[in-house]
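**Q** Got a structure for you, written out below as structure tokens; questions coming shortly.
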Amino acid sequence: MIQRVLQTLKNSFFPRKCQACRHFFHLEPGNTTGKKSVSTLVHDPIENSFYRVMASTLCPSCITDFSPVTPPFCTQCGRKFDNRSVTNHQCGDCIQNKIVCQKIRSTGSYNGALKSVIHGLKYKNKVQLSRPLGRLLFLSFMKYYDIETIDTIIPIPLHISRLKQRGFNQALLLLKEWPDLFAEMHSDRFAQIDFKNLVRYRKTISQTGLGKEKRKQNVKNAFAVTDTTEIVGKHILLVDDVFTTGSTCQECAKTLIKNGAKNVSVLTLARAN
Numbered sequence: 071m072i073q074r075v076l077q078t079l080k081n082s083f084f085p086r087k088c089q090a091c092r093h094f095f096h097l098e099p100g101n102t103t104g105k106k107s108v109s110t111l112v113h114d115p116i117e118n119s120f121y122r123v124m125a126s127t128l129c130p131s132c133i134t135d136f137s138p139v140t141p142p143f144c145t146q147c148g149r150k151f152d153n154r155s156v157t158n159h160q161c162g163d164c165i166q167n168k169i170v171c172q173k174i175r176s177t178g179s180y181n182g183a184l185k186s187v188i189h190g191l192k193y194k195n196k197v198q199l200s201r202p203l204g205r206l207l208f209l210s211f212m213k214y215y216d217i218e219t220i221d222t223i224i225p226i227p228l229h230i231s232r233l234k235q236r237g238f239n240q241a242l243l244l245l246k247e248w249p250d251l252f253a254e255m256h257s258d259r260f261a262q263i264d265f266k267n268l269v270r271y272r273k274t275i276s277q278t279g280l281g282k283e284k285r286k287q288n289v290k291n292a293f294a295v296t297d298t299t300e301i302v303g304k305h306i307l308l309v310d311d312v313f314t315t316g317s318t319c320q321e322c323a324k325t326l327i328k329n330g331a332k333n334v335s336v337l338t339l340a341r342a343n
């Protein structure tokens with residue numbers, strides 16, 4: 071009782087600042103959504119998970135500005151179909167271009183509040199956002215992937231110069247809490263998180279503003295594997311913040327498969343197309 075009163079007073083005198091619109095807002099009395107165990111959220115629709123994970127970070131207005139990537143979508147690349155009457159199937163691009171990645175999934179579209187908080191993490195040094203966003207990504211993983219089929223999880227690497235400039239790899243920060251979340255789920259199988267074996271050894275310019283073909287050329291032969299024994303025969307899950315044209319993920323996947331990986335799949339927070 072006393073703790074609840076103190077929390078109410080704290081919320082009244084010290085309002086939170088929305089990480090999307092930057093306006094102050096008050097948490098609703100008894101709001102503990104950000105503290106709930108992920109095990110209570112794994113069966114929720116992804117839009118409900120977004121609300122419950124991000125409720126202490128976004129104001130009541132911004133938290134509704136979220137577009138989940140939900141079916142119908144391509145069974146391989148995960149691109150959402152506009153026609154709601156169709157069923158999930160492989161899209162024409164995947165058939166024609168024969169993409170390397172076995173499966174690609176994303177939590178939401180790269181717009182609205184999700185885009186704002188990703189920008190906050192990535193470009194404004196709001197590293198505290200990596201915790202709720204990492205939890206949201208974990209819930210997407212549990213929704214779209216079977217942990218029994220994933221051997222290793224690898225964040226898309228940054229070149230050392232970009233890492234020094236930014237101070238952190240946002241993809242790695244998103245995975246920081248995952249070992250504890252796997253334990254919380256009481257999983258008998260734990261996918262290894264490997265952030266050292268795939269490296270970006272060639273410096274590339276920013277992909278922002280580049281067209282699809284220029285993106286491909288920009289990242290061509292930019293990655294390498296340092297220890298193939300950790301890759302051979304494995305199903306690898308690549309993790310990143312945003313999927314745009316897929317050029318970076320495709321190049322990483324090609325490198326991993328060339329070095330013996332059995333399959334490569336992808337999971338991102340947002341999808342830009």
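Numbering (this note's numbering), first residue to last: 71 to 343.
C-beta atoms are modelled at their ideal positions from N, C-alpha and C, and glycine is treated no differently.
Predicted, not measured: the structure shown is a model, and the values here were computed from it.
Since I believe Cys132 is in contact with Ala183 (beta carbons under 8 Å), could you give me their beta-carbon distance rounded to a whole number of angstroms?
**A** 5 Å
**Q** Please determine, among Lys194, Arg259, Pro138, the residue with the shortest C-alpha to C-alpha distance to Asn118.
**A** Pro138
**Q** Give a yes or no on whether the C-beta atoms belonging to Leu337 and Asp311 are separated by under 8 Å.
**A** The beta carbons of Leu337 and Asp311 sit no closer together than 8 Å.
**Q** Lys87 by DSSP, collapsed to three states: which one?
**A** Looking at Lys87 - three-state DSSP - the assignment turns out to be strand.
**Q** If you drop the 5 nearest sequence neighbours on each side, which residues of the same chain put their C-beta closer than 8 Å to that of Cys164?
**A** Cys144, Gln146, Cys147
**Q** Below 8 Å on the Cβ atoms is my contact criterion, and I expect Ala342 with Thr314 to pass it. Report the Cβ-Cβ distance as a whole number of Å.
**A** 4 Å
**Q** How is Ser119 classed by DSSP in three states: helix, strand or coil?
**A** helix
**Q** Under the DSSP definition of a beta bridge, which residues are partnered with Gln262?
**A** Thr222
**Q** Arg270 and Pro227 look like a contact to me (Cβ under 8 Å); what is the Cβ gap, rounded to whole Å?
**A** The pair is a contact, with the Cβ atoms about 5 Å apart (cut-off 8 Å).
**Q** What would DSSP say about Asn167, mapped onto helix, strand or coil?
**A** helix
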